[in-house]
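Top line first, the protein sequences correspond to chains A and B. Going by the numbering used here, the letters in the first sequence line up with residues 1 to 207, in that order. Going by the numbering used here, the letters in the second sequence line up with residues 1001 to 1221, in that order. Following: one structure in structure tokens, then a few remarks.
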Amino acid sequence: MSGQVDESLRSELQKQGIWVTSTQELYNWGRRNSIWPLQFGLACCAIEMIATAASRYDLARFGGEVFRPSPRQADLMIVAGTVTKKMAPQIVRLYNQMPDPKYVISMGACAISGGPFKRGYNVLKGIDRYIPVDVYIPGCPPRPEALLHAFMELQRKIDGQRLTGNGKAAFLDPKQPSDFPVPAFGAHDLEPPSNPEVFQPPLMERT
Amino acid sequence: MESLDELKGRAEQAVPGAKITIVPNPGPANQPSLLLDNEHAAAVVRFLRDDAVLRLDHCSNATGVDWLDRKVSKKVKVKKVVEGEEKEVEETQEEFFPGYLEAVYHLYSMTHKHGPVVIRTRTKDRAEGARLPSLTPIYRSAEFQEREIFDLYGVRFDGHPDLRRILMWDEFEDFPMRKDYREPDDYEYEPTPHDDVLERAKEHYSARPQLDGAENLTAPS
């Protein structure tokens, strides 16, 4: 949006005590600095998430300290830990219950791909099989600094969201789905094993 | 604590008809265990718990083991008549051991501070619905662990108050810790496949018609 107001003019005006902004900037500024995460943890990554929110690392510096116990009040889902196949439908259901705009951070190896349990029978091989993920944090578990980095990365992403015109944010498009089908417990696996609308893994190259 | 042989003798005396076998453990742990017959298992374990000398009042652990069918071939010297003469001839004989499922319990005594005494029970075969007596009426701590054995190995425990799956969902049909279990193929993307995962990942590989002959195409385009 900065394209509409000349940057140098704007800073000149700011020096004179006049602050020029746009609705989009105001919106994004508000969203970016008040991200309320959903309060739940699944495994050891949750301990790092707790450390991030506590005094030493202090997520409050970035406006993310208000952990909400209800998905209806949350903006951000931090999938912190191993998602078992028994847990996956509940995670998707919680995501569906969150109001737009909503964001997902996939924290740690397990939430990204199943991690060390990838070849097991009971662990989902990545939460991105069912819901769209905004930021992935590698690590096992990632340090609090990594979660802060992911948080800042998400803020950068929110900052770049457009409210109007081409390329506006996905949640403003009424055609874009805001909730995703909840997988069912099947006889051998979750059904379906992944949502093809969300999860399109790269074709594997033979070497 | 008394030796396993003495323990076995006393238990067999206390529970008439009980058949107890000592299963040796040739490994470095050298921890032999008692194999109980299913009919008298509960009575024997009750004796182990209530006996004043043993007082094995704590079941710390219950787990399952899956033993597949196996064939053991050994060389046996057989006397045979060869060309009118009786001779000793070496022959390989194959012995067939049918598979079974096993529940293993580790019992300790909190009163006397001794243990563990390892006991085992075996099912007849590996078929669906293989049954074993439950020790939950004797040790409450066995309840969840027997549920876990049921969940992962498919052993049904007679006398268990609440035999349901505990880790997997109720609709699940397989028993994932059995050795012949094959997990569902959801290796759509495996960055560094190896071994059996490599074999399964190959089913998802893209075709390379420019490099391979068309007859070698393995994956749908």
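Quick reminder that beta carbons are idealized off the backbone N, C-alpha and C, glycines included.
Task: Cβ contact (3+ pairs, closer than 8 Å) linking the region 1064-1080 of chain B and the region 1024-1043 of chain B - done: no
Open item on the list: Run through chain B and tell me which residues come within less than 7 Å of P193/A, C-beta to C-beta.
Closed with: P1184 and D1186
Task: Opening and closing residue of the alpha helix (DSSP H) in which V1197/B lies - done: D1195 to A1201
Open item on the list: Taking the alpha helix (DSSP H) that T52/A belongs to, which residues open and close that run?
Closed with: C44 to A53
TODO: Determine whether the Cβ of F1172/B lies closer than 8 Å to any Cβ atom of chain A.
DONE: yes
Task: chain A contact for V1155/B (CB, 8 Å cutoff) - done: no
- [ ] Would you identify the three-state DSSP class for V135/A, choosing helix, strand or coil?
- [x] strand
- [ ] Determine, using beta carbons only, whether M1110/B comes closer than 8 Å to chain A.
- [x] no
Open item on the list: What does the alpha-carbon distance come out to for the pair L163/A and P101/A?
Closed with: 12 Å
- [ ] Please list, in chain order, all residues of the same chain as W19/A whose beta carbon is under 8 Å from its beta carbon, the five residues on each side excluded.
- [x] L13
Task: Burial state of C140/A, where buried means 16 or more other Cβ atoms lie within 10 Å - done: exposed
Task: Euclidean distance between Cα positions of W36/A and N96/A - done: 16 Å
Task: Proximity test, Cβ basis, 8 Å: F1150/B and chain A - done: no
- [ ] Report the three-state DSSP secondary structure of G120/A (helix, strand or coil).
- [x] coil
Task: Nearest neighbour of G17/A, chosen from T23/A, L9/A and Q24/A [CA to CA] - done: L9/A
Open item on the list: What are the residues in the region 1195-1206 of chain B lying within 7 Å of chain C by C-beta distance?
Closed with: Judged by its chain identifiers, the structure shown contains no chain C, and its protein chains are A and B.
Open item on the list: Quick check on P972/B: buried or exposed, where buried means 16 or more other Cβ atoms within 10 Å of its Cβ?
Closed with: Because chain B here runs from 1001 to 1221, residue 972/B falls outside it and cannot be looked at.
Open item on the list: Closer than 7 Å between beta carbons: that is the criterion. Which residues of the region 168-192 of chain A meet it against chain B?
Closed with: F185, G186, A187, H188 and D189
Task: 7 Å Cβ shell around G114/A - same chain, five flanking residues per side excluded - done: V123, L124, K125 and G126
- [ ] Quick one: grab the DSSP three-state call for H1114/B.
- [x] strand
- [ ] Would you kindly work out how many angstroms separate the C-alpha atoms of D189/A and V1053/B, rounded to a whole number?
- [x] 50 Å
Task: Given D1066/B as reference, the closest of E1203/B, P1116/B and P1098/B once Cα atoms are compared - done: P1098/B
Open item on the list: If you measure between the beta carbons of M1093/B and S1073/B, is that distance less than 8 Å?
Closed with: It is worth fixing the name first, because residue 1093/B is Gln in this sequence and not Met. Cβ distance < 8 Å, so Q1093/B and S1073/B count as in contact.
- [ ] Starting from the C-beta of F1175/B, find all residues in its chain whose C-beta is less than 8 Å away, skip the five residues before and the five after it, and write them out in chain order.
- [x] D1151, L1152, Y1153, G1154 and Y1181
Task: Beta-carbon spacing of R143/A, E65/A below 8 Å - done: no
TODO: Measure the C-alpha to C-alpha separation of P177/A and G160/A and round it to an integer number of angstroms.
DONE: 21 Å
- [ ] List the residues that DSSP assigns as beta-bridge partners of A169/A.
- [x] Paired residue(s): none; A169/A is not in a bridge.
Task: For M1001/B: DSSP bridge partner residues - done: DSSP output for M1001/B lists no bridge partner at all.
Open item on the list: Among the candidates H1106/B, K1179/B, L1056/B and L1035/B, whose CA atom is the shortest distance from the CA of H1112/B?
Closed with: L1056/B
TODO: Could you tell me which chain B residues have their CB closer than 7 Å to the CB of R119/A, listed as they occur along the chain?
DONE: V1197
TODO: Determine the contact status of I105/A and L154/A, defining contact as a CB-CB distance below 8 Å.
DONE: yes
- [ ] Would you tell me roughly how many angstroms separate the C-alpha atoms of A1142/B and L1135/B, rounded to the nearest one?
- [x] 7 Å
- [ ] Quick one: using the 10 Å Cβ neighbour count with 16 as the cut-off for buried, is D6/A buried or exposed?
- [x] exposed
Task: Meets three-Cβ-pair contact criterion under 8 Å: the region 180-194 of chain A and the region 1013-1023 of chain B - done: no
Task: Chain-order list of residues whose beta-carbon lies under 7 Å from that of F199/A (same chain, five-residue window excluded) - done: D128 and R129
Task: chain A contact residues for L1101/B, given Cβ-Cβ distances below 7 Å - done: Under the 7 Å cutoff, chain A gives no residues; its nearest Cβ is about 18 Å from L1101/B.
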